[in-house]
Every structure is written in structure tokens, then in C-alpha cells.
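No gaps in the numbering here: position 251 of the sequence shown is 417 in this note's numbering, and each next residue is one more.
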Amino acid sequence: MKPTNLSPIRVGLLGIGTVGSGTFNVLQRNQEEIRRRAGRGIEITMVADLDVARAKAAVGSGVQVVDDARKVIANPDIDIVVELIGGYGIARQLVLEAIEAGKHVVTANKALLAVHGTEIFAAAHRKGVMVAFEAAVAGGIPIIKALREGLTANSIQWIAGIINGTTNFILSEMRDKGLDFDVALKEAQRLGYAEADPTFDIEGVDAGHKVTLMSAIAFGIPVQFDKAYVEGITQLAAQDIRYAEQLGYRIKLLGITKRAANGIELRVHPSLVPAKRLIANVEGAMNAVVVQGDAVGTTLYYGKGAGSEPTASAVIADLVDIARLHTADPEHRVPYLAFQPDTMTQAMSDLPIVPMSEVVTSYYLRLKVADETGVLAKVTGILASLGISIDAVLQREADDVGGEGSTQTDLIILTHDCVEAKMNEALAQMQALPTVLAPITRIRKEELA
Ligand code: HSE
Numbered sequence: 167m168k169p170t171n172l173s174p175i176r177v178g179l180l181g182i183g184t185v186g187s188g189t190f191n192v193l194q195r196n197q198e199e200i201r202r203r204a205g206r207g208i209e210i211t212m213v214a215d216l217d218v219a220r221a222k223a224a225v226g227s228g229v230q231v232v233d234d235a236r237k238v239i240a241n242p243d244i245d246i247v248v249e250l251i252g253g254y255g256i257a258r259q260l261v262l263e264a265i266e267a268g269k270h271v272v273t274a275n276k277a278l279l280a281v282h283g284t285e286i287f288a289a290a291h292r293k294g295v296m297v298a299f300e301a302a303v304a305g306g307i308p309i310i311k312a313l314r315e316g317l318t319a320n321s322i323q324w325i326a327g328i329i330n331g332t333t334n335f336i337l338s339e340m341r342d343k344g345l346d347f348d349v350a351l352k353e354a355q356r357l358g359y360a361e362a363d364p365t366f367d368i369e370g371v372d373a374g375h376k377v378t379l380m381s382a383i384a385f386g387i388p389v390q391f392d393k394a395y396v397e398g399i400t401q402l403a404a405q406d407i408r409y410a411e412q413l414g415y416r417i418k419l420l421g422i423t424k425r426a427a428n429g430i431e432l433r434v435h436p437s438l439v440p441a442k443r444l445i446a447n448v449e450g451a452m453n454a455v456v457v458q459g460d461a462v463g464t465t466l467y468y469g470k471g472a473g474s475e476p477t478a479s480a481v482i483a484d485l486v487d488i489a490r491l492h493t494a495d496p497e498h499r500v501p502y503l504a505f506q507p508d509t510m511t512q513a514m515s516d517l518p519i520v521p522m523s524e525v526v527t528s529y530y531l532r533l534k535v536a537d538e539t540g541v542l543a544k545v546t547g548i549l550a551s552l553g554i555s556i557d558a559v560l561q562r563e564a565d566d567v568g569g570e571g572s573t574q575t576d577l578i579i580l581t582h583d584c585v586e587a588k589m590n591e592a593l594a595q596m597q598a599l600p601t602v603l604a605p606i607t608r609i610r611k612e613e614l615a
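This is the structure:
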């Protein structure tokens, strides 16, 4: 029997903004190819959106449009609910209700899954329905599928990703055009890259949600955003981007998760990355993720992390997966987080998230100091006394006071690896020196070798 004779699978959208309309358009445009791949048609038959007029304009007359998401969930003809509302509030309630109603769920909502994933996956497991979320991490890049399926042979060693386009755009603009942070942020908002509340982008929260999901899939641990270390780019100064460049590095906001001796590292912060690495050259709003597996070595995934059709590409990939697999026994489907749920808790629950104070990495430090004899010796003396080894030192006339006869100077130090707690101690001691004239800047450095 030809599988293409099956009736189409019916999809209800909750929210039809940028991603929803992209999903509708791509499904229409490529419907024949998608039908041949999925083995049956995939049709959006119902849409809920508070803005009914906008929704009707987006989908035309063949689709039922309502202003109440619960009508979609209650409709027995709907097989899959696509949640595109976002946030942790009503979206969580609706996803749980859809699962309870026996619907399969596709969501692009990284915040929801990073914070409430354990509850949602447990509910879906009980009901035997699928919850798919390719669009939640790095937009159109199929990184969830790569980690969960393509790299399944590997013991994953680490993942490092540029997984927030807004901040990567801002950093690129600051470096290329010498723009201030605020000006670059406004431009990112104008171009529609930033979240409705850009705080999630610039404070690293959005990247934190995404790396939390990748970490769970890579290491078979529960999603635990509350244990992630999250630091954004709001404190980055233009001169650090310039100094980093002079030393052969670019500054990127990285989401990092790593298998360490004492557990799993889970962190987001600005990082110096050697300019020669491919990921250091990912510019503008593009995303990229590097995954290191023990068998495959280093792999790199690059593409658009946001936008209407790139994100729709990921949503539809999930719809096709569900169309292919929803009739299979739940135990024969791919597990939500790559590891079978019951073995996951038993085998992996003893892998803790490493506190930031115990993370080992190298550092870039910038100190504004009085240009006097002995200052450098005092600073390097503190580092030496704590066993922190120096990799390179650069002295530059401070930008803001420069000129002949200046009595201040910028001291830039690159260190070798040390544990974060030691660096915190060194920073406190250096900051207390009367010759250190301003708060010290500390940026972590990742060689990604
Ligand atoms: N605001 C996000 C970003 C888009 O800038 O990458 C999708 O998560």
C-alpha cells in the first residue's frame, strides 16, 4: 500500500505571528514534497490567535480561525498542536492541556522547556504523545536532531554555541563599525532579531535556555536552567573588543556545556575565542554550534537562528517526524531528550551541574592602573601567589585619558587555565590595590581546540 494514500494529518496552531505564518507558507509552497517525505499530507486546519483579523489574513479562507486556544485543543479532529505563543505563563498551561487531550505537541518555546521541561516531558510520557522542539534551539539549524540522533554513537565531550542572533549581531556591529552597545541594540530591534523583551537576549537568558536543552540531550541529564550560570553582554566595552582583536581573539557570547571531572558545566557568558576558529567568524545574526564527540571529533553547525521561514523549517521537520512516527509505540520513538526516560534518571542523576566557582578556564583581564613603577610587579605578584600562570601581557595607553603625559594605563593580561574561585580571589586582591583605578574587567577565554 502506498503510504501517501493516508489522509492528511491535521495541525492546529496556537499563535500565528512570524513563525506561524512562515510555517503556513512553507507547508503550502512545498506541500507536495513534504507529503512524499512524510508519507501523508500535513495540513493546518485551525488557528487560534487573539488577533483574528491578522490570523485570517495570514491563512486565507480555508482554515478555521478562532480567538480561543482551548477550542483548538478541544477539537477532536486536530492531531498536532503547535504552540507558538512563547513564555512560561499561558503557554505552559496550554501545552499541558493539549498533552492531556492526547495531542502531539510541537513548540518553539525554549524558555518553557528549559524551565518546565521535566514536568512537560513527564506528562507527555504518561499520555504517550510526542513533544518536539527543533525550533527551540538555533532556529533553522537542525541541532536537536543532530545531537539526539546523528551523534548518538558518541560520548559528547562539549558543546559551544553562538545561539543568540541578537547578541551576535550587536557584537559584530560593535566590532565592525565601532558602535556603542545601545546603538547596536536598537538596530537589532529594528531588524526584528531581538525578543519582545530584549533583556532575555542581552542578559544571556535566551542562550541559557537553549544551552540547557542541548545539555540535557547531550548528557542525558534533566533540564535544569536554574543551575545554569548566565552572564550577558551589557557590561562589554568597545575597548575590550579592540584589545581582544589585537591579541588575536574575537569576543562572542557562548553557550557552553561540557563534561568535566566534577560534573557537567552549563554556562553562558562572553568569551574570547581565537580569531582563527571558524566559530569566531560567525557574524551578524547567524548562529553556530560546535559539538565535540569522542568518535566523530569536532563538528560545526551553522545557519539562521531566527526568522519566519528558517524557524518554520524546524517546526515542519518536527511535524514530519510526528506524521511518520505517531502510530509507532511510544517506546519505539526517539526519546524526547535522546536518552530513554527511565534509564535517564537512574544512570545520570548523579552527574551534578558544576558550580561556576569550580569551573576551570582561562581569562582576559583589563585593569586601569596608575602608570607608576612597580604596579605590574604587584599585579603579577598576586596572580603568582595564587598559582595563576600568565600567558600574555599588553600595556596600552588608556583610551579615555590618553595623550602625552598620561598617568594612567590599561594593563591587559591573558592567563592560563585556573579555577574560577582562585581568579575571584585574585580579582578581589588586585581591586584593593590603590594603584588599580577602576573596576577590573574579567572575560573568560575559550580556546575551543
Ligand atoms: N531572539 C532570539 C535570537 C531569536 O536573537 O537569537 C530566537 O530565539
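The beta carbon of each residue, even a glycine, is placed where N, CA and C say it ideally should be. Since the structure is predicted, the reported quantities are computational estimates derived from the model, not experimental observations.
- Looking at the DSSP output, residue 421 bridges to 327, 434.
- Each residue's CA atom was taken as its position, placing residue 355 and residue 173 some 42 Å apart.
- Checking the 7 Å criterion, the Cβ of residue 332 is within range of a heavy atom belonging to the ligand HSE.
- Around the beta carbon of residue 392, fewer than 16 other beta carbons sit within 10 angstroms, so the residue counts as exposed.
- The beta carbon of residue 504 is closer than 6 Å to those of 314, 383 in its chain, skipping five residues each way along the sequence.
- Around the C-beta of residue 611, 16 or more other C-beta atoms lie within 10 Å, and the residue is accordingly described as buried.
- Relative to the non-hydrogen atoms of the ligand HSE, the Cβ of residue 360 comes within a distance shorter than 7 Å of at least one.
- In terms of Cα proximity to residue 206, the closest of 197, 212, 213, 214 is 197.
- Residue 429 is bridged by DSSP to 426.
- Excluding residues up to 5 positions away in sequence, 278, 282 lie with their Cβ nearer than 7 Å to the Cβ of residue 258 in the same chain.
- At least one heavy atom of the ligand HSE is found less than 7 Å from the C-beta of residue 367.
- The residue among 372, 270, 221 with its C-alpha nearest the C-alpha of residue 280 is 372.
- In the displayed model, residue 191 falls within a helix according to three-state DSSP.
- A heavy atom of the ligand HSE is found nearer than 7 Å to the CB of residue 305.
- If only complete runs of 3 or more residues are kept, the stretch 480-550 shows the beta strand (DSSP E) at 526-536, in order along the chain.
- Residue 438 is a Cβ neighbour of residue 410, given a cutoff of 8 Å.
- In the three-state reduction of the DSSP assignment, residue 573 falls in the coil class, being assigned neither a helical nor a strand state.
- A contact is defined here as three or more CB-CB pairs under 8 Å, and the stretch 474-483 meets this definition with respect to the stretch 305-321.
- Taking the Cα positions, residue 600 is about 43 Å away from residue 453.
- If you draw a straight line from the Cα of residue 271 to the Cα of residue 442, it is about 41 Å long.
- Relative to the ligand HSE, the beta carbon of residue 370 is positioned no closer than 7 Å to any heavy atom.
- Three or more beta-carbon pairs separated by less than 8 Å link the stretch 318-337 to the stretch 454-473, which places the two stretches in contact.
- Nearest C-alpha to residue 551 among 244, 255, 589: 589.
- Here DSSP, grouped into helix, strand and coil, assigns residue 580 to strand.
- If you look at residue 458, you'll find it in the beta strand (DSSP E) that goes 452-459.
- Residue pairing by DSSP places residue 602 opposite 535 in a beta bridge.
- When the five nearest sequence neighbours on each side are left out, the beta carbons in the same chain lying within less than 7 Å of the beta carbon of residue 446 are those of 416, 418, 439, 440, in order along the chain.
- It is roughly 30 Å from the alpha-carbon of residue 539 to the alpha-carbon of residue 585.
- In the three-state scheme derived from DSSP, where H, G and I count as helix and E and B as strand, residue 321 is classed as coil.
- Within 7 Å of the C-beta of residue 471 there is at least one heavy atom belonging to the ligand HSE.
- Pairwise C-beta distances place the stretch 392-407 out of contact with the stretch 288-302, as fewer than three of them are shorter than 8 Å.
- Of the candidates 483, 365, 326, 483 places its Cα closest to the Cα of residue 204.
- Rounded to whole angstroms, the gap between the alpha carbons of residue 269 and residue 224 is 24 Å.
- Boundaries for residue 408: no beta strand (DSSP E) harbours it, while the alpha helix (DSSP H) harbouring it runs 404-412, taken from the DSSP string.
- Distance check between residue 208 and each of 245, 238, 182, 181 places 245 closest, using alpha-carbon atoms only.
- If you look at residue 218, you'll find it in the alpha helix (DSSP H) that goes 218-225.
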